[in-house]
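Engineer:
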Amino acid sequence: ILCQVTENMSERSYYGPRKVKFVPFLLLHFQGCYMDCVIHGPVWSNVQIGISHTTIEPCGYCFCGIKETSSFESEHNNQEPVYFTAGNKQKKYLMDSLFDPASVENKSQKKNYRVSWDFHLNSHT
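When the letters of the sequence shown are read in order and numbered with our numbering, they come out as residues 493 to 617.
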């Protein structure tokens with residue numbers, strides 16, 4: 493996800509409103525995004541969303557006009573500095589999904605969901 497600041501330009505286009513300039517300032521990387529949803533009619537539903545790895549990086553110049561620099565390592569490796577990183581790059585989010593060859597649905601079987609309210613409360617809350 494690229495976060496940008498909008499800036500109105502002083503020049504106008506001939507037939508329309510003022511021109512707008514978009515300046516990127518922050519870049520968010522997400523890896524291993526998943527969502528699991530179980531709906532049991534109008535009684536209840538369970539939605540789980542997860543991200544296994546994320547980073548937040550500066551993009552371009554700071555609002556004050558200074559180029560973002562980080563540590564000694566990033567300057568010598570020509571890498572962008574990283575503000576924040578969390579999680580691990582892994583593919584466990586694919587387990588038991590339609591992308592997993594070992595999942596029940598990919599073996600031409602029906603997956604049994606436990607739709608008991610008591611089980612739901614004990615396992616998810």
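Virtual Cβ for every residue (Gly too), placed ideally from N, Cα, C.
Starting from the Cα of proline 550, find the closest Cα among Leu494, Glu503, His612 and Ser600 and give me that residue.
Structural biologist: In the sequence shown, the residue the question calls residue 550 occupies position 58. Nearest option by C-alpha distance: Leu494.
Engineer: Which one of Ser600, Val515, Lys602 and Asn580 has the shortest CA to CA distance from glycine 542?
Structural biologist: Walking along the sequence shown from the start, residue 542 turns up at place 50. Checked all of Ser600, Val515, Lys602 and Asn580; the closest Cα to glycine 542 is Asn580.
Engineer: What residues in its chain sit with their C-beta under 7 Å from that of phenylalanine 514, if we drop five residues either side in the sequence?
Structural biologist: Residue mapping note: residue 514 aligns to position 22 of the sequence shown, counting from 1. Excluding positions up to five away in sequence, the list reads Gln496 and Thr498.
Engineer: Which residues does DSSP pair with isoleucine 541 in a beta bridge?
Structural biologist: Along the sequence shown, read from residue 1 onward, the residue named residue 541 stands at position 49. The partner list for isoleucine 541 (beta bridge, DSSP) reads Met527.
Engineer: In whole angstroms, what is the alpha-carbon distance linking proline 516 and tyrosine 553?
Structural biologist: Walking along the sequence shown from the start, residue 516 turns up at place 24. Walking along the sequence shown from the start, residue 553 turns up at place 61. Spanning the two alpha carbons is a distance of roughly 9 Å.
Engineer: As a quick exercise: from Ile548, Cys529, Ala594 and Asn614, pick the residue whose alpha carbon is nearest that of proline 573.
Structural biologist: Counted from its first residue, the sequence shown places residue 573 at position 81. The shortest C-alpha separation from proline 573 is found at Ile548.
Engineer: Can you tell me the Cβ-Cβ gap for leucine 590 and glutamate 597, rounded? I've got them flagged as a contact below 8 Å.
Structural biologist: In the sequence shown, counting from the first residue as 1, residue 590 sits at position 98. In the sequence shown, counting from the first residue as 1, residue 597 sits at position 105. Rounded, the Cβ-Cβ distance is 6 Å, consistent with contact.
Engineer: Would a C-beta distance cut-off of 8 Å place glycine 524 and glutamine 582 closer than the cut-off?
Structural biologist: Here residue 524 corresponds to residue number 32 of the sequence shown, with the count starting at 1. Here residue 582 corresponds to residue number 90 of the sequence shown, with the count starting at 1. Yes, they are a contact pair.
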